[in-house]
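Here is the structure we will look at, set down as C-alpha coordinates.
Residue numbers (this note's numbering): 3 to 160.
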(Lines of atoms letter the chains of each structure in order from A and count residues from 1; the text may use other names and numbers.)
(Lines give C-alpha, C1' and ligand atoms only; values in the text may rest on other atoms or scores of the structure.)
Protein backbone atom coordinates (compact mmCIF):
# COMPACT_ATOMS: atom_id res chain seq x y z
CA UNK A 1 0.00 0.00 0.00
CA UNK A 2 1.14 3.52 -0.76
CA UNK A 3 2.25 5.51 2.28
CA UNK A 4 1.36 9.16 1.57
CA UNK A 5 2.91 11.95 3.63
CA UNK A 6 0.76 15.06 3.91
CA UNK A 7 1.26 18.39 5.61
CA UNK A 8 2.00 22.05 5.24
CA UNK A 9 5.35 23.20 3.88
CA UNK A 10 8.06 22.80 6.49
CA UNK A 11 6.42 19.76 8.10
CA UNK A 12 9.25 17.51 6.88
CA UNK A 13 7.45 15.44 4.26
CA UNK A 14 10.46 14.97 1.97
CA UNK A 15 12.92 14.42 4.81
CA UNK A 16 10.70 11.81 6.46
CA UNK A 17 9.88 10.11 3.14
CA UNK A 18 13.60 9.83 2.35
CA UNK A 19 14.21 8.32 5.80
CA UNK A 20 11.41 5.79 5.42
CA UNK A 21 12.39 4.75 1.90
CA UNK A 22 15.46 5.98 -0.01
CA UNK A 23 13.49 5.25 -3.20
CA UNK A 24 10.53 7.38 -2.15
CA UNK A 25 8.58 9.34 -4.75
CA UNK A 26 8.58 13.13 -4.51
CA UNK A 27 5.33 14.23 -6.09
CA UNK A 28 6.48 17.80 -6.78
CA UNK A 29 9.66 16.58 -8.48
CA UNK A 30 7.66 14.17 -10.65
CA UNK A 31 5.22 16.95 -11.60
CA UNK A 32 8.09 19.28 -12.53
CA UNK A 33 9.66 16.55 -14.66
CA UNK A 34 6.34 16.01 -16.46
CA UNK A 35 5.80 19.76 -16.96
CA UNK A 36 9.37 20.46 -18.05
CA UNK A 37 9.47 23.51 -15.79
CA UNK A 38 9.18 24.46 -12.14
CA UNK A 39 5.79 24.37 -10.49
CA UNK A 40 6.10 28.10 -9.75
CA UNK A 41 6.67 28.86 -13.46
CA UNK A 42 3.79 26.62 -14.54
CA UNK A 43 1.52 28.15 -11.91
CA UNK A 44 2.21 31.68 -13.16
CA UNK A 45 1.92 30.76 -16.86
CA UNK A 46 -1.00 28.32 -16.82
CA UNK A 47 -2.80 29.03 -13.53
CA UNK A 48 -3.72 26.99 -10.51
CA UNK A 49 -6.65 25.16 -12.07
CA UNK A 50 -4.49 23.68 -14.85
CA UNK A 51 -1.78 22.81 -12.33
CA UNK A 52 -4.28 21.00 -10.08
CA UNK A 53 -5.42 18.88 -13.06
CA UNK A 54 -1.84 17.72 -13.68
CA UNK A 55 -1.36 17.20 -9.94
CA UNK A 56 -4.47 14.97 -9.82
CA UNK A 57 -3.21 12.85 -12.73
CA UNK A 58 0.15 12.33 -11.04
CA UNK A 59 -1.49 11.58 -7.67
CA UNK A 60 -3.78 8.96 -9.22
CA UNK A 61 -0.74 7.24 -10.76
CA UNK A 62 1.25 7.34 -7.52
CA UNK A 63 -1.59 5.83 -5.48
CA UNK A 64 -1.32 2.70 -7.66
CA UNK A 65 2.19 2.06 -6.38
CA UNK A 66 3.35 0.45 -3.17
CA UNK A 67 5.85 3.14 -2.17
CA UNK A 68 6.33 6.12 0.11
CA UNK A 69 5.11 9.37 -1.49
CA UNK A 70 5.92 12.90 -0.39
CA UNK A 71 3.19 15.28 -1.56
CA UNK A 72 3.19 19.01 -2.10
CA UNK A 73 1.63 21.03 0.70
CA UNK A 74 -1.31 22.10 -1.46
CA UNK A 75 -2.34 18.65 -2.68
CA UNK A 76 -5.43 18.71 -0.43
CA UNK A 77 -6.80 21.96 -1.91
CA UNK A 78 -8.46 20.10 -4.78
CA UNK A 79 -11.62 18.11 -4.02
CA UNK A 80 -10.58 15.58 -6.68
CA UNK A 81 -7.27 15.05 -4.89
CA UNK A 82 -9.01 14.62 -1.54
CA UNK A 83 -11.34 12.05 -3.12
CA UNK A 84 -8.33 10.19 -4.56
CA UNK A 85 -6.55 10.28 -1.21
CA UNK A 86 -9.60 8.89 0.58
CA UNK A 87 -9.25 5.73 -1.53
CA UNK A 88 -5.81 5.25 0.03
CA UNK A 89 -5.87 4.16 3.66
CA UNK A 90 -2.33 5.16 4.66
CA UNK A 91 -2.33 8.96 4.55
CA UNK A 92 -0.12 10.38 7.27
CA UNK A 93 -0.59 14.02 8.22
CA UNK A 94 2.63 15.44 9.66
CA UNK A 95 1.09 18.13 11.83
CA UNK A 96 2.86 21.05 13.50
CA UNK A 97 1.80 24.45 14.75
CA UNK A 98 2.14 27.44 12.42
CA UNK A 99 4.92 29.20 14.33
CA UNK A 100 7.12 26.09 14.22
CA UNK A 101 6.51 25.64 10.49
CA UNK A 102 7.11 29.33 9.76
CA UNK A 103 10.41 29.18 11.63
CA UNK A 104 11.50 26.09 9.66
CA UNK A 105 10.50 27.63 6.31
CA UNK A 106 12.30 30.90 7.14
CA UNK A 107 15.48 29.03 8.05
CA UNK A 108 15.49 26.85 4.90
CA UNK A 109 17.62 28.86 2.48
CA UNK A 110 18.05 25.89 0.12
CA UNK A 111 14.33 25.60 -0.62
CA UNK A 112 12.74 28.99 -1.16
CA UNK A 113 9.04 28.32 -1.58
CA UNK A 114 7.00 30.68 -3.79
CA UNK A 115 4.05 30.63 -1.39
CA UNK A 116 6.39 31.77 1.39
CA UNK A 117 8.10 34.41 -0.74
CA UNK A 118 4.89 35.88 -2.18
CA UNK A 119 2.75 36.10 0.97
CA UNK A 120 2.96 37.89 4.28
CA UNK A 121 3.18 35.88 7.49
CA UNK A 122 -0.50 36.66 8.13
CA UNK A 123 -1.53 35.49 4.65
CA UNK A 124 0.49 32.31 5.10
CA UNK A 125 -1.15 31.72 8.47
CA UNK A 126 -4.58 32.00 6.81
CA UNK A 127 -3.58 29.43 4.15
CA UNK A 128 -2.29 27.15 6.92
CA UNK A 129 -5.57 27.46 8.85
CA UNK A 130 -7.62 26.72 5.74
CA UNK A 131 -5.63 23.59 4.88
CA UNK A 132 -5.52 22.02 8.35
CA UNK A 133 -9.09 20.70 8.17
CA UNK A 134 -8.41 19.38 4.66
CA UNK A 135 -5.36 17.41 5.81
CA UNK A 136 -7.37 16.01 8.71
CA UNK A 137 -10.27 15.10 6.38
CA UNK A 138 -8.10 12.68 4.37
CA UNK A 139 -5.62 11.54 7.04
CA UNK A 140 -5.77 7.98 8.28
CA UNK A 141 -3.14 8.96 10.84
CA UNK A 142 -2.16 12.32 12.36
CA UNK A 143 1.27 12.66 13.90
CA UNK A 144 2.19 15.84 15.77
CA UNK A 145 5.77 16.48 14.68
CA UNK A 146 6.25 19.82 16.44
CA UNK A 147 8.61 18.47 19.11
CA UNK A 148 9.98 15.45 17.25
CA UNK A 149 13.27 15.07 15.40
CA UNK A 150 13.21 13.50 11.92
CA UNK A 151 14.68 10.31 13.43
CA UNK A 152 11.90 10.12 16.04
CA UNK A 153 9.22 10.67 13.37
CA UNK A 154 10.70 7.94 11.15
CA UNK A 155 10.87 5.54 14.10
CA UNK A 156 7.24 6.30 14.99
CA UNK A 157 6.10 5.57 11.41
CA UNK A 158 8.04 2.34 10.93
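For each residue, glycine too, the CB sits at the ideal point set by N, CA and C.
The structure displayed is predicted, hence computed values, not measured ones.
{"Check": "DSSP three-state assignment for residue 83, whether helix, strand or coil", "Outcome": "helix"}
{"Check": "Identity of the residues DSSP links to residue 95 by a beta bridge", "Outcome": "8 and 144"}
{"Check": "Contacts around residue 78, its chain only, beta-carbon distance under 7 Å, and the 5 residues preceding and following it disregarded", "Outcome": "8, 84, 133, 136, 137 and 140"}
{"Check": "Residue range of the alpha helix (DSSP H) that includes residue 72", "Outcome": "Taken as a continuous stretch (DSSP letters only), residue 72 belongs to no alpha helix (DSSP H), being part of the beta strand (DSSP E) at 70–72."}
{"Check": "Sub-8 Å separation of residue 98 and residue 147 beta-carbons", "Outcome": "yes"}
{"Check": "Selected residue, minimal CA-CA separation from residue 105, among 50, 43, 145 and 14", "Outcome": "14"}
{"Check": "Cβ-heavy atom distance, residue 145 to the ligand GDP, below 7 Å", "Outcome": "In terms of ligand content, the structure shown is empty, and the ligand GDP therefore cannot be addressed."}
{"Check": "Selection from 56, 55 and 18 that minimises the alpha carbon distance to residue 154", "Outcome": "18"}
{"Check": "Rounded straight-line distance, which links the Cα of residue 48 to that of residue 30", "Outcome": "16 Å"}
{"Check": "Closest by C-alpha distance to residue 24, when choosing among 70, 52 and 94", "Outcome": "70"}
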